[in-house]
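Single-structure report; data block below.
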Amino acid sequence: MKHQKLKVVILAARTKEATLKLLERLGEKQIIDYVLATALRFVPSEDIYIVVGEQAEQIRTHLGDAFLYIVQDKLRGTGDAVLQTADTLINYKGDLLILYGDTPLFRPSSILGMLHRQRLKEADMTLFTAVTDQALPYGRILRDANGQIIDIIEESDASISMRQIQELNLGAYVAKADKLFAALRQMDIQGVEQLRMTDAIHHFVRSGLRIAGYQSHDPDEILGINTADDLAQAEFILKKRQFRPHRAEEESKIYFGTGGWRAIIGEGFTMNNVRRLCQALANQIICDDKEEQGVLIGYDRRFLSDRAADVATEVFAGNNIPVILLPEDAPTPLVTYVTDHKRAAFGLVFTASHNPPEWNGLKVFHQDGSLLLTDETNRLEAEANALTPNDVAKLELDLALKAGIAHYEDFTNLYIDAVEAHINMGAIREAGLRVLLDPMYGTGQGTLETILTEARCRVTAIHARHDPLFGGRSPAPNLQALGLLITTMKDGRFDLGMAMDGDADRIAIVDEQGEFIHINDILLLLYDYLYQIKGMRGGVVRNLATTHLLDRLAAHFGETCTETPVGFKHIVQGMQTHNAVLGGESSGGLTIRGHILGKDGIFAAALIVEMLAVTGKKISELRRQLYDITGRLYSVESNLPATSEMKIIVPRRLQMDPVNHIGAYSVKNVSHIDGTKFLLENDNWVLLRFSGTEPVLRIFAEADSLEKADELVTWAKGMVMGESSENEDESGHGQ
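Note that the sequence shown covers residues 315 to 1049 in the numbering used here.
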C-alpha cells in the first residue's frame, strides 16, 4: 500500500564492522534487504532516503542506484543521521517513517498499524513499542497517569526501578517531518556530543507536541541482531513466518490455476470480479466474431454460484452475446458436453470443484469442451484485472430474458443419453447390482442416479440434499471424507460404493468389502477393461502425480504411457496427440477417447458399474488379477499449507542443493516439468509441487512398500521445512 505524504529514512550509517553486519546474509537475502522491502510496501523507491557513513559505497553497490543516499560524515547518533536529510527535504511537510537498517523482523502490518495510528490520532510522532518481561538493552517507555507517553529512558541512563518497566522502544518512528527537523536543529545548536532520536522525544514532550505509541504483539519483532546466535534465531523466525499456515489473503484480483479461477468468497470471489472476468471473455468473443455462437452458463450448489451465473448472463447480454442459462444446478461434465454440442463460443460453470465451502470460482471451456490453456488464461487475467466497474456493459436479467437474448434451457436428458450411449446398459440390467452413492451434497446425484436406475441398479444415496456447506468440509472424495460411505458399505449388502466431488467431475469408489480404492487402481482397472474387454486399442495418459503402474500395464499391452503436468487440459492434449484410450489423474478425474474433452465423474462411475456387470467379478478380484500383471506399488500423499514465499524458497532450495540420494536410495533422474519429481529405481518416486487450486504444497510418493513411501514423504517434508513437521493434512494411503 502506497501512502501519500510519506517518505522513508533508513538509517545505515555505521562503523565498518556494523555496516558489514547490515550486509550479512539472513535466509535468502541480506539483513538490510528485508528493511528495504518493508519500506517499498509503503512508498516508491524515489521516496526512500538511505543515510550511510564511511562504508557508503558498499551499501550503494549492494542496493543499487534506485534510492537517494545521504552521507553522515561523523557518527553523532541516530538523531543526527535523520537530520542529515533535512536539507534534501526542506520543503516537505508530510510524515517521515524512520527505520533502522538492522531491524529485519518488523512486520509490514505492524508498520502499517503505526502509520494508521499516527494519522488517526493526529499525532506529531508515533513510536513502535512492545511489552515484554525479557531483560533487553532497549529504551524504557515512560507514561503518565493517563497513559500518555512522556519520555524514553535509554538503558544506560535508567535507574534500577526504571529497568523494571516492561514497555520497550523497538526503534521505529513516524513523525511530522517539519516538526522533527525543527526539534533536531534546535538540539544541535546546543552543541550536544550525541544527537539521538530519543532526545527528540524529550523535546516533543517539553514543546507540548502529541506523541502516540503503537504496540507490537508479536514477540518475534523484539529480537535485535547483534550476535551469531541472534542471526540464527532471526533466520528461524523468518522461516517460521514464511511457512506458517494462514488464511489465504487476496487483493481482489483474478488468478487462474490448473482448474480455472478459484478464490475465497468475499475476498477474491466477488460479483465485481465475476463481471470483470465475463467482460474480458465477452471482449474476446467480439474480437473473434463469435457473438452468434453465444455462451452457455451453468452453476453448482455452492453459495453464490446461482447469483454469479445471473450476473454473468447480464454482462454477456449487455455485450449483445446470446446466453443459454441452465435452469438449475448442474454437473460440470454436463456443461462440458453441452458446450461442445451447441458449439458455444465459451461454456462457463461457476464452481470451485472440491475446494472447501468458503471457496467459489469459474471453469471456462472452449467450444469443443476443453479447458482454456495457460497462455489464454494469462491474457484473460491481465485484461480482467485492468477493468473497472465502469468498463463493464450489462443488461439486467429480467430485460435480457424478456428480450430473448438470454433464455433458460435444460439439457439433462441430452447429457444422460450421451453417457448411456457409451455404456452397456443391457449388461448392467442383467446384473442386478446394488450401488451405494455419495454425491457429497453436490450436483452429481440426480444424473448418475437416473442412469443407474434406468439400468435397473438398486441405488441408495447418502448426502444427497442441497447443502452449500457440504456438511462442513471440502467435497473432495478422499478417504477421510468417506467415513459414512465406508461404514454403510460394511453394514449393508452392496456391490459397490461410489462418491463424486462437489461438481461431479471426480470420483472415488469403495469395494464390496468396504475398502477405499485409490484412484490409481481405478485407472488401472478401467484401462485394463477398455483394452482387453471392450477392445479399445491405444496408450494411456496420466499426470506426473499418478501411478507408474499404468506404465507397466501399458508396456504389457505393447502400448505407451504418456506423462503430463498436472491439469486436465494437459491430459486432454496428450490424449489427442497420442490417440490414447484413457486419460486420468490421481486426484480422481478421468475420461476416455470419444467422450468429452474433460473429466467426467458421472460417466466414469457408470463405466465402473458396467465393468462389474460385464466381467461378473468383484472389485477385489479384479485388482488381484491386475497385480499379477503389474506388481504392487504403494502411494502416499501429504499436504503442507503453503505461502507465496514458499513458492520461491522451495524451488530455489532444490536448485541450490541437488539431490543425489534420498536416504539409502539413489536418485536416477529429476523431472521439473511440474514441480520437482525425483525418480528412483523400480518406478519409485517422490514429487513436490504447489497446487494450482489451493494454497498447499503437495507431496506424493510411490514405492515398493507403504513404509518406503512414507519414508520418502517424510524426507520431502524434512527437506522443505528443514526439520520434521507434524503440521500437515494427511490424505491417506492407497495402492
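Using N, Cα and C, we set each Cβ at its ideal position, and we do this for glycine too.
These numbers come from a predicted model, not from an experiment.
Could you name the residues of the same chain whose beta carbon sits closer than 8 Å to that of Ser1038, not counting the 5 residues immediately before and after it, in chain order? Per-residue confidence for Ser1038 stands at a pLDDT of 36, beneath the threshold of 50, marking its modelled position as unreliable; no derived number is given.
Who are the near neighbours of Glu1021 in its chain, counting only those whose CB is closer than 8 Å to its CB and skipping five residues on each side? none
Buried or exposed by the 16-neighbour rule on C-beta atoms within 10 Å, applied to Met889: buried
Verify whether the separation of the beta carbon atoms of Gly675 and Trp575 is less than 7 Å. yes
Below 7 Å CB to CB, which residues in the same chain sit around Phe992 once its five sequence neighbours on both sides are set aside? Val973, Ile976, Val981, Val984, Trp999 and Val1000
In the DSSP assignment, find the beta strand (DSSP E) that holds Asn586 and state where it starts and stops. No beta strand (DSSP E) contains Asn586, which is instead part of the alpha helix (DSSP H) from Met585 to Cys601.
Do Met803 and Val824 have their beta-carbon atoms positioned less than 7 Å apart in this structure? yes
Would you kindly check if the distance between the Cβ of Leu926 and the Cβ of Val895 is under 7 Å? no
Can you find at least 3 beta carbon pairs, one from the region 610-623 and one from the region 742-757, that sit closer than 8 Å? yes
Can you look up Glu1008 in the DSSP assignment and give me helix, strand or coil? coil
So, under 8 Å CB-CB, Ala497 and Glu628 are touching, yes? Tell me the CB distance rounded to an integer number of Å. Not quite, the Cβ-Cβ distance comes to about 59 Å (not below 8 Å), so this is no contact.
Taking Ile536 as the reference, give the member of Asn669, Gly661 and Asp447 with the closest Cα. Asp447
Between Leu799 and Ile776, which are expected to be in contact by the criterion C-beta below 8 Å, what is the C-beta distance as a whole number of angstroms? 7 Å
Burial state of Asp1043 (16 or more Cβ within 10 Å): Low confidence applies to Asp1043: its pLDDT is 41, below 50, so where it sits in the model is not reliable enough to give any reading.
The beta strand (DSSP E) enclosing Arg772, as first and last residue numbers: Arg772 to Ala775
Identify which residue in Phe917, Thr957, Arg967 and Ala1017 has its Cα closest to the Cα of Leu1011. Thr957
Between Tyr722 and the rest of its own chain, which residues show a CB-CB distance below 6 Å, the 5 nearest in sequence each way excluded? Leu639 and Pro641
Which residue from Ala869, Thr1007, Leu1002 and Gly897 puts its Cα closest to that of Gln943? This sequence places Ile at residue 943; Gln is not what is there. When each option's Cα is compared against that of Ile943, the closest is Ala869.
Express the C-alpha separation of Glu826 and Ile933 in angstroms, rounding to a whole number. 7 Å
What does the alpha-carbon distance come out to for the pair Phe784 and Phe550? 38 Å
When you compare each of Ile885, His680, Ser900 and Gly786 to Arg820 by their alpha carbons, which one comes out closest? Ser900
Across which residues does DSSP place Ile467 in a beta bridge pair? Arg454
Pairing CB atoms from the region 760-769 with CB atoms from the region 787-801, are three or more of them under 8 Å? no
Report yes or no: do three or more beta-carbon pairs, one from the region 693-700 and one from the region 615-626, lie closer than 8 Å? no
Using a 10 Å radius around the Cβ and a threshold of 16 neighbouring Cβ atoms, would you call Ser475 buried or exposed? exposed
Does DSSP put Asp752 in a helix, in a strand, or in coil? strand
Taking only three categories from DSSP, how would you classify Glu481? strand
Rank Thr1007, Glu829, Val854 and Leu1026 by C-alpha distance to the C-alpha of Phe1014 and give the top, closest one. Leu1026
Per DSSP, what kind of secondary structure is Ala720 in: helix, strand or coil? strand
Length of the line joining the Cα atoms of Glu877 and Ala486: 53 Å
Below 7 Å between beta carbons: does that hold for Val678 and Leu686? yes
Per-residue burial, Arg457 [other beta carbons within 10 Å of its own, 16 or more giving buried]: exposed
Cα-Cα separation between Tyr528 and Ile579, rounded to whole angstroms: 32 Å
Contact check, Gly391 vs Gln508, beta carbons under 7 Å: yes
Once DSSP output is grouped into helix, strand and coil, what is the label at Asn634? coil
What first and last residue would you give for the beta strand (DSSP E) that runs through Phe664? Phe660 to Phe664
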